[in-house]
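Residue 297 is where the sequence shown starts when you use our numbering, and the numbers rise one by one after that.
In this text, a Cβ means the ideal position worked out from N, Cα and C, and glycines have one as well.
As the structure is a prediction and not an experimental result, all values here were calculated from the model.
This report concerns only the one structure given below.
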Amino acid sequence: MTMKYILTTLFLFIIEGSFAQSKFPDFLQGTWKMGNKEIYEHWDKLNENTLKGFSYELKGRQMTISEYLDISRLKKEITYTATVLNQNQSKGINFKLTKTDSTFTFENPDHDFPKKIVYQKLSDTEIFVQVSDGKQKIFAYKMQKQLQENTSNDTTVSNPNFDPVLAQKLGADDYGMKRYILVMLKTGTNQTTDKDIINKSFQGHMDNINLLVKEGKMIVAGPLTKNDKTYRGIFILNVITFEEVQSLLQNDAAIKEGLLDFELYKWYGSAALPEYLESSDKIWKEKP
Numbered sequence: 297m298t299m300k301y302i303l304t305t306l307f308l309f310i311i312e313g314s315f316a317q318s319k320f321p322d323f324l325q326g327t328w329k330m331g332n333k334e335i336y337e338h339w340d341k342l343n344e345n346t347l348k349g350f351s352y353e354l355k356g357r358q359m360t361i362s363e364y365l366d367i368s369r370l371k372k373e374i375t376y377t378a379t380v381l382n383q384n385q386s387k388g389i390n391f392k393l394t395k396t397d398s399t400f401t402f403e404n405p406d407h408d409f410p411k412k413i414v415y416q417k418l419s420d421t422e423i424f425v426q427v428s429d430g431k432q433k434i435f436a437y438k439m440q441k442q443l444q445e446n447t448s449n450d451t452t453v454s455n456p457n458f459d460p461v462l463a464q465k466l467g468a469d470d471y472g473m474k475r476y477i478l479v480m481l482k483t484g485t486n487q488t489t490d491k492d493i494i495n496k497s498f499q500g501h502m503d504n505i506n507l508l509v510k511e512g513k514m515i516v517a518g519p520l521t522k523n524d525k526t527y528r529g530i531f532i533l534n535v536i537t538f539e540e541v542q543s544l545l546q547n548d549a550a551i552k553e554g555l556l557d558f559e560l561y562k563w564y565g566s567a568a569l570p571e572y573l574e575s576s577d578k579i580w581k582e583k584p
């Protein structure tokens with residue numbers, strides 16, 4: 297084997313390896329609109345190995361998100377993950393990349409529908425999308441790239457960790473914040489010493505807390521130590537009007553019985569606050 301042959305082979309190996317590594321659907325970055333419908337996909341490139349996006353529909357100026365999307369490369373495997381809202385308990389479905397050239401084919405033969413998702417780049421401003429069961433059930437459409445507004449003054453460029461999909465999901469403003477309602481619980485007017493009434497009421501109080509947590513409306517709940525203002529505890533609720541809070545608290549048995557009363561305040565805090573709840577359910581040994 298000649299040195300020239302060895303060098304040529306090595307050169308081709310390096311070129312092919314680099315080419316294979318570069319096969320990633322970067323062309324999806326941006327906002328795409330489906331034909332004559334107000335249905336869109338928006339994708340952001342977070343790094344060389346990650347695209348995050350979401351599908352949404354516009355009605356007037358109201359955006360309704362239908363699913364969150366992710367394309368990630370881990371070593372040599374590329375995975376497309378779709379998390380459809382209000383389906384599959386909000387768990388993502390994974391599709392593995394099985395074909396790549398100008399067409400990227402992602403498949404999951406074990407899923408009911410779809411089993412195959414295809415993105416094909418037709419030009420810099422047009423893509424073809426096909427969703428199917430791999431057989432006869434197919435729907436396909438073209439999407440046009442939308443012109444982007446000037447983002448030279450966009451403050452997000454100062455944050456290299458900015459995740460626009462997560463920010464959208466959590467309802468964050470440009471500062472990563474949002475509005476909540478702070479509830480200050482205090483001693484009510486009912487001074488009964490009947491233990492049955494007290495125990496039953498506070499069991500209902502805890503049941504209502506757990507229900508609101510499950511519904512995504514209760515973010516923080518906890519008691520306060522004894523103080524001279526008769527404050528007993530606090531809630532932070534993921535709603536923005538006093539009227540909604542008052543409606544939610546009507547189901548609290550301790551408040552109904554007058555054992556507890558409350559004061560309401562508008563509070564502005566991190567939109568990421570609800571993210572701690574998943575971890576909080578993994579660290580308790582005894583349920584309060």
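- [ ] Please go through the same chain and pick out, in chain order, the residues whose beta-carbon is closer than 6 Å to the beta-carbon of Phe402, but skip the five residues on each side of it.
- [x] Tyr376, Phe391, Leu393, Ile413
Task: Range covered by the alpha helix (DSSP H) that runs through Gln542 - done: 538–545
Task: Touch test, the segment 489–500 against the segment 557–564, Cβ-Cβ under 8 Å, three pairs minimum - done: no
Task: Exposure label - Pro405; buried when at least 16 CB within 10 Å - done: exposed
Open item on the list: Looking at Met439: is its Cβ nearer than 8 Å to the Cβ of Glu334?
Closed with: no
Task: His501 - DSSP class collapsed to helix/strand/coil - done: helix
TODO: Only counting runs of 3 or more residues, tell me where the beta strand (DSSP E) segments fall wholly within the segment 356–403, in order along the chain.
DONE: 358–370, 373–380, 389–396, 399–403
Task: Residues of its chain near Ser566, where Cβ-Cβ distance is below 7 Å and the 5 sequence neighbours each way are ignored - done: Gly472, Met473
Open item on the list: Buried or exposed, going by whether 16 or more other CB atoms sit within 10 Å of the CB of Ile538?
Closed with: One detail in the question is off: residue 538 reads as Phe in this sequence, not Ile. Flag for Phe538 reads exposed.
Open item on the list: Can you tell me where the beta strand (DSSP E) holding Gln416 begins and where it ends?
Closed with: 412–419
- [ ] Check Ala436 in the structure and name its three-state DSSP category.
- [x] strand
Open item on the list: Rounded to whole angstroms, what is the Cα-Cα separation between Asn449 and Gly529?
Closed with: Caution applies to Asn449, whose pLDDT of 43 falls short of 50 and renders its modelled position unreliable; the model cannot decide the point.
TODO: Closer than 8 Å by C-beta to Glu582: which residues in its own chain qualify, once you throw out the five before and the five after it? Chain order, please.
DONE: none
TODO: Measuring alpha carbon to alpha carbon, tell me which of Lys525, Asn345, Trp563 ends up nearest Leu370.
DONE: Asn345
TODO: Take the Cβ of Gly512 as the centre, count every other Cβ of all protein chains shown within 10 Å, and call the residue buried at 16 or more, exposed below.
DONE: exposed
Open item on the list: By the three-class DSSP mapping on this structure, what secondary structure does Asn449 have?
Closed with: Bear in mind that a pLDDT of 43 at Asn449, under 50, signals an unreliable position, so the number given afterwards is only what the model happens to contain. In this structure, Asn449 counts as coil in the three-state DSSP scheme.
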